[in-house]
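Asker: Just so you know, our numbering puts 497 at position 249 of the sequence shown, and the rest follows in order with no gaps.
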Amino acid sequence: MPPVDTWSTGVAALRARFPVFARGVAYLNTGTNGPVPASAELAAREALHAATVAGRSGAAYFERWVSAPAARLRARAAEWLGAAPDEVALTRSTTDGINIALAALPLRAGDEVVTSDEEHPGLLAPLARLAATRGVRVRTAPLRELANAVGPRTRLVACSHVSWVSGAVAPVADLAATGVPLLYDGAQALGAIAVDVRALACDFYAAPAQKWLCGPNGLGFLYVRGELVRELEPPWPSYESLADTVEPLARRWHRDARRFDTVDPAPPLLAWALAALDELERVGPAKIAQAACDAADAFAAGARERGLRVAPRGRSTLVSVASERTAAAVAELAARGVVVREIPGRGLVRVSVGAWNDGDDRERCLRALVG
249 MPPVDTWSTG VAALRARFPV FARGVAYLNT GTNGPVPASA ELAAREALHA
299 ATVAGRSGAA YFERWVSAPA ARLRARAAEW LGAAPDEVAL TRSTTDGINI
349 ALAALPLRAG DEVVTSDEEH PGLLAPLARL AATRGVRVRT APLRELANAV
399 GPRTRLVACS HVSWVSGAVA PVADLAATGV PLLYDGAQAL GAIAVDVRAL
449 ACDFYAAPAQ KWLCGPNGLG FLYVRGELVR ELEPPWPSYE SLADTVEPLA
499 RRWHRDARRF DTVDPAPPLL AWALAALDEL ERVGPAKIAQ AACDAADAFA
549 AGARERGLRV APRGRSTLVS VASERTAAAV AELAARGVVV REIPGRGLVR
599 VSVGAWNDGD DRERCLRALV G
């Protein structure tokens with residue numbers, strides 16, 4: 249029996265806040281970039297106007313448009329992660345957070361990092377550099393069997409919480425039971441499914457603002473488990489890392505995760521990110537996640553009913569459909585007002601189903617995929 253779509257009355261109100269849907273577009277590509285709510289555009293314009301008028305100077309300006317919004321964003325990201333604000337660093341992207349974590353850890357020649365066969369280049373490229381510069385062995389195993397790949401030389405498991413390839417979910421309970429430090433790429437999880445870093449028992453969790461949180465490119469978050477924060481040196485320290493900016497050579501870093509901050513966020517980006525969270529929190533993270541996963545399950549069931557091959561997936565918002573002509577299929581769908589993406593080299597067209605996608609969006613996509 250196909251999953252029941254429990255999100256009926258709220259979807260219309262939610263999608264009305266995103267102008268892209270008013271254009272008649274079936275936007276099913278949040279896994280790349282989330283839709284932008286109208287309120288976020290207005291907030292970003294207000295922040296840019298303030299910078300234009302105020303000249304971006306003075307203590308009052310920085311407190312109003314930089315310091316206070318950055319603190320609010322850190323605290324609210326922590327809520328979505330199930331963390332404390334002092335465990336969250338502001339970064340430029342998911343990969344930025346991954347690089348920070350890998351560079352901060354004392355990994356050396358002979359140590360092993362286990363990763364999966366469904367990872368994004370944004371994780372694999374930092375791992376490749378780690379292998380080349382420190383002699384660390386990178387071992388790849390199937391995502392669902394990662395825990396079994398952990399061995400006596402394994403010093404870290406680094407993998408996606410939700411696979412960008414298939415929508416499969418990492419075996420988080422099995423990984424936690426290994427006792428090995430864990431680094432999760434949360435790009436396809438934060439804002440899409442419920443995330444609780446305590447329950448995950450992870451040491452690091454990197455995620456972006458621009459996907460399922462509908463925020464801007466150029467902002468991300470890195471959770472660092474509290475006990476590790478003071479143990480690890482910031483690998484790329486910045487002005488934001490310093491508790492004492494008068495004598496920076498003394499290396500007095502912040503005693504919380506701000507020591508890992510790598511971004512000096514522009515006020516329009518902060519305003520956009522916060523306004524987008526306002527829209528999502530008006531509905532509620534749990535309800536957003538349930539509605540999106542229910543809708544994705546319904547889409548996957550509909551795809552199978554039409555004879556499409558769906559890649560094995562988990563309880564997530566991503567559905568990948570097999571195709572022998574992925575690039576052409578994506579272009580043809582775009583011509584029909586349906587926005588999806590291909591997964592290069594995998595023979596898959598990926599559909600990202602959000603709580604804002606109604607039954608019409610899904611049906612249009614299915615009809616176009618069937619041809």
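Each residue gets a CB set at the ideal place from its N, CA and C atoms; glycine is no exception.
Remember, it's a predicted structure, so these values are computed and weren't measured experimentally.
Determine the contact status of residue 618 and residue 276, defining contact as a CB-CB distance below 8 Å.
Answerer: If you number the sequence shown from 1, residue 618 lands on position 370. If you number the sequence shown from 1, residue 276 lands on position 28. Not a contact, by the Cβ cut-off of 8 Å.
Asker: For the alpha helix (DSSP H) containing residue 552, list its first residue and its last residue.
Answerer: By one-based count along the sequence shown, residue 552 stands at place 304. Start and end: 533–553.
Asker: In chain order, what residues of the same chain lie with their CB nearer than 7 Å to the CB of residue 451, ignoring the 5 residues before and after it?
Answerer: Walking along the sequence shown from the start, residue 451 turns up at place 203. So the list reads 429, 430, 431, 473 and 476, once near-sequence residues are dropped.
Asker: Per DSSP, what are the beta-bridge partners of residue 360 in this structure?
Answerer: On the sequence shown, residue 360 is found 112 positions in, with the first residue counted as 1. 385 and 402.
Asker: Would residue 459 and residue 343 qualify as a contact pair, given that the criterion is a beta-carbon distance under 8 Å?
Answerer: The residue labelled residue 459 in the question sits at position 211 within the sequence shown. The residue labelled residue 343 in the question sits at position 95 within the sequence shown. No; because the gap between Cβ atoms is not below 8 Å, this pair is not in contact.
Asker: Does the Cβ-Cβ distance between residue 404 and residue 364 come in under 8 Å?
Answerer: The count along the sequence shown starts at 1 and reaches residue 404 at position 156. The count along the sequence shown starts at 1 and reaches residue 364 at position 116. Contact: no.
Asker: DSSP three-state label for residue 526, please.
Answerer: Against the sequence shown, residue 526 aligns to sequence position 278. Residue state, collapsed to three classes: helix.
Asker: Determine the extent of the alpha helix (DSSP H) in which residue 269 is found, giving its start and end residues.
Answerer: The residue you call residue 269 lines up with position 21 of the sequence shown. It spans 267–270 - the alpha helix (DSSP H) in which residue 269 sits, taken as one unbroken run.
Asker: For residue 340, which residues in the same chain have their Cβ closer than 8 Å to its Cβ, ignoring the five residues on either side in sequence?
Answerer: Locating residue 340 in the sequence shown gives position 92, where the first residue counts as 1. Same-chain partners within the cutoff: 466, 467, 468, 510 and 511.
Asker: Can you give me the C-alpha to C-alpha distance between residue 560 and residue 488, rounded to a whole angstrom?
Answerer: Residue numbering aside, residue 560 sits at position 312 when the sequence shown is read from its first letter. Residue numbering aside, residue 488 sits at position 240 when the sequence shown is read from its first letter. Going from the Cα of residue 560 to the Cα of residue 488 covers about 42 Å.
Asker: Would you grab the beta carbon distance between residue 394 and residue 425 for me? Rounded to a whole angstrom, and I think it's under 8 Å.
Answerer: The sequence position of residue 394 within the sequence shown is 146, counting from 1. The sequence position of residue 425 within the sequence shown is 177, counting from 1. Rounded, the Cβ-Cβ distance is 12 Å, inconsistent with contact.
Asker: Between the C-alpha atoms of residue 438 and residue 607, what's the straight-line distance to the nearest angstrom?
Answerer: Residue 438 sits at position 190 when you count from the first residue of the sequence shown. Residue 607 sits at position 359 when you count from the first residue of the sequence shown. One C-alpha to the other measures close to 23 Å.
Asker: Exposed or buried, residue 396, counting other C-beta atoms within 10 Å across all chains shown (16 or more means buried)?
Answerer: Mapped onto the sequence shown, residue 396 falls at position 148. With fewer than 16 other Cβ atoms within 10 Å, it is exposed.
Asker: Beta-carbon within less than 8 Å of residue 577's beta-carbon, same chain only, minus the 5 sequence neighbours each way: which residues are those?
Answerer: Walking along the sequence shown from the start, residue 577 turns up at place 329. So the list reads 571, 590, 597 and 617, once near-sequence residues are dropped.
Asker: Is the Cβ-Cβ distance between residue 518 and residue 317 less than 8 Å?
Answerer: Your numbering for residue 518 matches position 270 in the sequence shown. Your numbering for residue 317 matches position 69 in the sequence shown. Cβ atoms of residue 518 and residue 317: closer than 8 Å.
Asker: With a threshold of 6 Å on Cβ separation, who are the neighbours of residue 360 within its own chain once the five nearest residues in sequence on each side are excluded?
Answerer: The count along the sequence shown starts at 1 and reaches residue 360 at position 112. Excluding sequence neighbours, residue 360 sits near 385, 387, 401 and 402.
Asker: Go to residue 317, then tell me how far its alpha helix (DSSP H) extends in each direction, as first and last residue.
Answerer: Position 69 of the sequence shown, counted from the first residue, corresponds to residue 317. Counting along the chain, the alpha helix (DSSP H) containing residue 317 begins and ends at 316–329.
Asker: Would you kindly work out how many angstroms separate the C-alpha atoms of residue 306 and residue 326, rounded to a whole number?
Answerer: Within the sequence shown, residue 306 is the residue found at index 58, counting from 1. Within the sequence shown, residue 326 is the residue found at index 78, counting from 1. Near 29 Å, if we compare the C-alpha coordinates of residue 326 and residue 306.
Asker: Please report the residue range of the alpha helix (DSSP H) in which residue 278 lies.
Answerer: By 1-based counting over the sequence shown, the position of residue 278 is 30. Note, residue 278: premise wrong, no alpha helix (DSSP H); not H, not E.
Asker: Look up residue 367 in the DSSP assignment and say whether it is helix, strand or coil.
Answerer: Within the sequence shown, the letter at position 119 stands for residue 367. Reduced to three states, the DSSP call for residue 367 is coil.
Asker: Let me know the alpha helix (DSSP H) ranges lying completely inside the stretch 402–432, each 4 residues or longer, listed in chain order.
Answerer: Fully enclosed alpha helix (DSSP H) runs of 4 or longer: 420–426.
Asker: Among 321, 376 and 350, which has the Cα closest to the Cα of residue 337?
Answerer: Taking the first residue of the sequence shown as 1, we reach residue 337 at position 89. Nearest option by C-alpha distance: 321.
Asker: Could you name the residues that DSSP lists as bridge partners for residue 598?
Answerer: For this step, residue 598 is matched to residue 350 along the sequence shown. Looking at the DSSP assignment, residue 598 forms a beta bridge with 568 and 589.
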